[in-house]
Structure formats: C-alpha cells, structure tokens
Amino acid sequence: MQAEELREFVIDKIDDLKGRDVQILDVHDKTDVVDYMVICSGSSKTHVRSIAEHVATEAKHAGTPPIGVEGGEQSEWVLVDLGDVVLHVMQDSIRDFYQLEKLWG
1 MQAEELREFV IDKIDDLKGR DVQILDVHDK TDVVDYMVIC SGSSKTHVRS
51 IAEHVATEAK HAGTPPIGVE GGEQSEWVLV DLGDVVLHVM QDSIRDFYQL
101 EKLWG
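Residue 101 in the working numbering sits at position 101 of the sequence shown, and the numbers go up by one each step.
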C-alpha cells in the first residue's frame, strides 16, 4: 500500500473499534523514517491494546505486516510501526503527558 492508502486504512481500522480523538500528522518533511503518524486514544488499557492489535492483524491480512509493535504489555501507549505510517494508541493521561501532537505538529 502507498503511504496515503495505508494512512486511510489505519484510520478505518481505528474507527472499527471506536478509537477516539484521531489525529493525523504529516511528518514526511520532519523525518525520513515515516510519512505519517496517526495518534488516537483508547478508554482503558484493554481498549488501547485491542485497537493496536486490530490494526496490526488487519494490516497483516491486507499484505502489510507491521514492522513492530511495542508497549502491548503495559497497554498505556502502544505503537504499531507499519513503515510509512506509525500508529500511537494511548490512554488519555499518557497522551496529555507526552503531547506528541505538539512535539511533531
């Protein structure tokens, strides 16, 4: 999948499990590592983990397996690296603390 198509795929899969406050950051001009960061919130550790696992599983079924998934053990912040798109699924308190939108926006 191209970066834009993968971004839309991730957003659609987040919506499947009712992820909240989805933000898309175009960071291709700030880093060579990734084109888009998608950030969303989950209402609990279980919700955060479920969203991340759903996106990773569906991406694998679509032929784009994740390069890596980090943070699933604690599930306060789970990162799913899909190459051109990196997904950050966070609980509200962690998202407020790290403020990735402000850092990368």
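For each residue, glycine too, the CB sits at the ideal point set by N, CA and C.
Taking the beta strand (DSSP E) that His88 belongs to, which residues open and close that run?
85 to 91
Rounded to a whole number of angstroms, what is the C-alpha to C-alpha distance between Ile24 and Met90?
14 Å
Just list the alpha helix (DSSP H) runs in the region 30 to 80, keeping only unbroken ones of 4 residues or longer that don't cross its boundaries, in chain order.
45 to 61
Can you tell which of Lys45, Trp77, Asp32, Thr57 has its C-alpha closest to the C-alpha of Phe97?
Trp77
With contact counted as at least three CB pairs below 8 Å, one residue from each stretch, are the region 40 to 50 and the region 58 to 69 in contact?
Contact between the region 40 to 50 and the region 58 to 69 is absent: fewer than three C-beta pairs spanning the two stretches fall below 8 Å.
Measuring alpha carbon to alpha carbon, tell me which residue in Met1, Ile94, Lys13, Glu101 is nearest Ser75.
Ile94
Could you give the distance in angstroms between the alpha-carbon of His47 and the alpha-carbon of Lys102?
24 Å
Going by DSSP, what residue range makes up the beta strand (DSSP E) through Leu100?
Note, Leu100: premise wrong, no beta strand (DSSP E); alpha helix (DSSP H) at 100 to 104.
Shortest alpha-carbon distance to Val22 belongs to which of Ala3, Phe9, Val38?
Val22 has its Cα closest to that of Val38, out of Ala3, Phe9, Val38.
C-alpha gap between Ile14 and Ala56, whole angstroms:
11 Å
On the DSSP bridge assignment, give the partners of Ile24 in chain order.
DSSP, once it has assigned bridges, lists Val38 as partnering Ile24.
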